[in-house]
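S.K.:
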Amino acid sequence: MHRHLQPVTAIVIVMLLLWFASCKTMGRKRANRLYNEVKTEHTTFDVAIVPGYPYNGHRWDTVMKCRVLWAYILYKNGVVRNFIFSGGAVYSPYVEGLVMAEYARAIGIPAENIFVDSLAEHSTENVYFAYTQARNKGFKSIALVTDPFQSRMLNAFTRRRFQTPIRHLPFVLDSIRRYNAVNPVVNMQPAYRPHAVPINEREGLWKRFRGTMGANIPFESKKVAPL
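Numbering (this note's numbering), first residue to last: 4 to 230.
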C-alpha cells in the first residue's frame, strides 16, 4: 500500500509548495498595489492597527520586526499618524502589544502616537479590540498594518464586521529591506508577565480555532459601530 501512496503524497506536497509560492507572489503584488493606491489618492489615516506576534524574550521575530518597521515607515512618510499595537501574553509571558510598542518607540515613533491593546489573543480580536479603542479615542480613519498573509486572512472579516472601512496596508518588503540592520536593544521587563500561561496550554486546538474565527468577540450587532 505504501508504494501506491508515495507518488500521491509527493504530488500533494509539490502542489502545496506551488500554492504557497503563488500566494507569496500574489501577496507581494497586492501589498504594492494597496500602498500605491493610498499614495496616489494622498490618503492618510488617524490610526492603524498593528497585530501582535509572539516574543521569545531575546529578540524580535522577523514577522514582528517587519510589522513594526512598516509602521515606522508609514509614520515617517505621513501616511499614518497613530498606532495601536495589539496583543496580550498569548504564547509567551510577554505582552505582544507592549513589546511592539517598545520597539516602535526605540526606532522613532513618538510615544504620544503609540497606544496598546493587551486584550487580544487572536487576529480577529486584534482588530476588534483595537478598533473599539480607536473609536473611544475619537479617531475617524483606520488602517490595518500587518504582513500580506494575515492581511489576506482578515480581509473578509474587516469588510463584513465594521461600519467604518478598514483599509489594508500590508508591508512592502522592498521598503523594509533598507532597515534590515535596525535592531535596537530594548528593556522588555515592563511587558513581562511571569504568571502568564500560554494559550496552547489553556485551550485545545478547536477552541483556539474558534477564537481565531472570532467566537470570543462580544459582538452586539452584525457590524461594530462606526468610528
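Heads up, the beta-carbon is just placed ideally off N, CA and C, and yes, glycines get one too.
1. Tell me Leu147's beta-bridge partners as DSSP assigns them.
2. To the nearest angstrom, report how far apart Gly55 and Tyr195 are at their CA atoms.
3. Whose CA, out of Lys140, Leu157, Met103, Gly141, lies closest to the CA of Val189?
4. Determine the contact status of Gly60 and Pro151, defining contact as a CB-CB distance below 8 angstroms.
5. Once the 5 residues before and after Tyr73 are set aside, which same chain residues still bring their CB inside 7 angstroms of it?
6. I'd like to check one pair, Val82 with Arg70: are the Cβ atoms closer than 8 angstroms?
7. Could you give the first and the last residue of the continuous beta strand (DSSP E) run that contains Phe132?
8. State the start and end residues of the unbroken alpha helix (DSSP H) segment that holds Asn186.
9. Does the region 116-133 come within contact of the region 81-100, defined as at least 3 CB pairs closer than 8 angstroms?
10. Tell me which residues share the same chain as Arg213 and place their Cβ nearer than 8 angstroms to its Cβ, disregarding the 5 neighbours each side in the sequence.
11. Please report the straight-line C-alpha distance between Lys226 and Glu128, rounded to a whole angstrom.
12. Please classify Thr43 as buried or exposed, where buried requires at least 16 neighbouring CB atoms within 10 angstroms.
13. Roughly how many angstroms separate the alpha carbons of Asp177 and Ile112, rounded to a whole number?
14. Considering only DSSP beta bridges, list what Phe3 is partnered with.
15. Leaving out five residues on either side along the sequence, give the residues of the same chain with a beta carbon under 7 angstroms from the beta carbon of Pro229.
16. Can you give me the C-alpha to C-alpha distance between Lys210 and Pro221, rounded to a whole angstrom?
17. Candidates Phe88, Glu40, Ala92: which alpha carbon is nearest Glu204's?
18. Quick one: residues in its chain with C-beta nearer than 6 angstroms to the C-beta of Pro201, no 5 flanking neighbours on either side, listed in chain order?
19. State the CB to CB distance for the pair Ile87 and Val50, rounded to an integer number of angstroms; the pair is presumed to be in contact (CB under 8 angstroms).
M.R.: Reading off the structure:
1. Ile52, His171
2. 15 angstroms
3. Met103
4. no
5. In the sequence as presented, Tyr is not what sits at residue 73; that position holds Trp. Correct list, in chain order: Val148, Phe174, Ile179.
6. no
7. From DSSP, Phe132 is part of no beta strand (DSSP E) but of the alpha helix (DSSP H) over 126-139.
8. No alpha helix (DSSP H) holds Asn186; DSSP gives it neither H nor E.
9. yes
10. Asn219
11. 14 angstroms
12. exposed
13. 20 angstroms
14. Residue 3 falls outside the range modelled here, since the chain spans only 4 to 230, and no answer is possible.
15. Gln166, Thr167
16. 16 angstroms
17. Ala92
18. Tyr94
19. 6 angstroms
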